[in-house]
Structure formats: structure tokens, C-alpha cells
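Residue numbering for the sequence shown follows our numbering, starting at 29 and increasing by one per position.
Think of the CB as a built atom: it goes at the ideal place given N, C-alpha and C, for glycine as much as any other residue.
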Amino acid sequence: MPKVNKEKKHTHVSDQICLRAAVAVLVAYGREDLASVISATNPQPADVPTIEISSQTLNYNPEFIRSIGFTELVKVLAHEALHVTRDHTSRFYVCIDGFKEMFQRAADLEINTYLESTNIGAPQGIIPGKGEYASFPKHLTAEDYLPVLIKKDAAALEDNRIKPVPNGEQG
Ligand SMILES: [Zn+2]
Numbered sequence: 029m030p031k032v033n034k035e036k037k038h039t040h041v042s043d044q045i046c047l048r049a050a051v052a053v054l055v056a057y058g059r060e061d062l063a064s065v066i067s068a069t070n071p072q073p074a075d076v077p078t079i080e081i082s083s084q085t086l087n088y089n090p091e092f093i094r095s096i097g098f099t100e101l102v103k104v105l106a107h108e109a110l111h112v113t114r115d116h117t118s119r120f121y122v123c124i125d126g127f128k129e130m131f132q133r134a135a136d137l138e139i140n141t142y143l144e145s146t147n148i149g150a151p152q153g154i155i156p157g158k159g160e161y162a163s164f165p166k167h168l169t170a171e172d173y174l175p176v177l178i179k180k181d182a183a184a185l186e187d188n189r190i191k192p193v194p195n196g197e198q199g
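Written out as C-alpha cells, the structure reads:
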């Protein structure tokens with residue numbers, strides 16, 4: 029068991045080196061504002077799907093950050109820093125529970141359309157004008173993407189592409 033712990037510790041150190049290098053790239057891009065948000069956090073391996081900032085902790089899934097490649101890691105860190113600088117947590121807070129997931133998507137659309145127009149570029153994910161979001165206008169705020177998302181989800185329901193849960197199924 030001590031051997032396993034040593035290995036874990038070692039990979040955690042490697043992750044931290046990669047994260048610091050990615051922050052240095054943000055500085056090189058002239059984005060000290062985003063770099064300083066990441067630098068102020070304490071990176072911790074965590075049981076999360078990808079990566080997220082919670083309070084002053086950068087919770088990351090080690091497998092995720094090791095699998096995406098360094099260029100993508102820079103974009104992903106810029107994306108997470110922008111959730112902080114744009115104060116999305118406070119802006120989510122007013123949303124009723126049923127709309128939280130949708131506001132998160134709206135916030136991601138706001139960030140990724142912005143990042144696409146910078147020298148950093150947008151990470152993989154939901155981007156206005158691309159893929160499933162091809163019809164979405166660019167450069168809106170999360171609040172303005174919300175009604176567009178509601179309309180899209182309603183249209184999807186109409187088309188039966190998303191099946192509603194039948195009534196009474198829970199017994
Ligand atoms: Zn996001």
C-alpha cells in the first residue's frame with residue numbers, strides 16, 4: 029500500500045506541474061486576470077466529472093485533465109476562471125432549481141462564445157454556432173441564452189427527440 033500512495037502523490041505533483049504550466053500560458057497570452065484566478069486556488073484531485081472551482085479549491089478529475097491534452101487544458105482553465113470573473117455563482121443563485129442545469133449551459137455558452145473570439149479559443153463543449161447549437165446567436169449573456177435554450181428544449185420535446193417521463197411512472 030505505501031507504494032500506491034507514493035504513486036498517487038507523484039501523479040498529483042505531475043498534475044500540479046501541468047496546471048502551473050497551463051497558467052503560465054494564460055499569462056503569455058496576456059490574460060493575467062484569468063491566470064490569477066487559477067493561481068489563487070488550491071488544486072485537489074476530486075470525484076468530479078471534469079474540473080470546477082469551488083470556493084478557493086480547484087477540484088479536478090485526474091483522468092480528465094490527463095486525457096485532454098495540454099492545449100485543451102489551457103482552454104478549460106480559462107473557461108473555469110471566467111465562471112469566477114463573471115460571477116456565475118451569484119447569477120445562478122436566483123435561478124429556481126429546475127433551471128439550474130439550464131443556467132449552467134447558458135453560462136457555458138456565454139463563456140465559450142467569448143473564448144472563441146480570443147487568442148485562447150473555446151474548449152470542446154457547447155459553443156454557439158456549432159453542432160447542436162448551430163442556430164444560436166453569438167456573444168449573448170447567460171441570461172439572454174436562457175430563453176433560447178428553453179425554446180430549443182421545447183422544440184426538442186415537440187419533436188419527441190427528448191421523451192418526457194410518463195406521468196405516474198414513479199408509482
Ligand atoms: Zn462551464
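- Secondary structure at residue 96: coil, using DSSP grouped into helix, strand and coil.
- Under DSSP, no beta-bridge partner is assigned to residue 175.
- Closest in alpha carbon position to residue 38, among 73, 68, 60, is 73.
- DSSP places residue 77 outside both helix and strand once states are collapsed to three, so it counts as coil.
- Beta-bridge pairing by DSSP links residue 86 to 71, 81.
- In the structure shown, residue 122 falls within a coil segment according to DSSP collapsed to helix, strand and coil.
- In the three-state scheme derived from DSSP, where H, G and I count as helix and E and B as strand, residue 133 is classed as helix.
- Under the three-state reduction of DSSP, residue 44 is assigned to helix.
- Here the region 124-140 makes no contact with the region 74-84; the two share fewer than three CB pairs at distances below 8 Å.
- Judged by DSSP in its simplified three-state form, residue 162 adopts coil rather than helix or strand.
- Between residue 111 and residue 139, the beta carbon gap of about 7 Å places them in contact (Cβ cut-off 8 Å).
- It is roughly 8 Å from the alpha-carbon of residue 169 to the alpha-carbon of residue 135.
- Chain-ordered, the residues whose CB falls short of 7 Å from any heavy atom of ligand 1 come out as 107, 108, 111, 132, 135, 136, 139.
- The shortest CA-to-CA distance from residue 47 to any of 75, 70, 132, 59 is the one to 70.
- In this structure residue 156 is in contact with residue 141, their Cβ atoms being roughly 5 Å apart against a cut-off of 8 Å.
- DSSP places residue 169 outside both helix and strand once states are collapsed to three, so it counts as coil.
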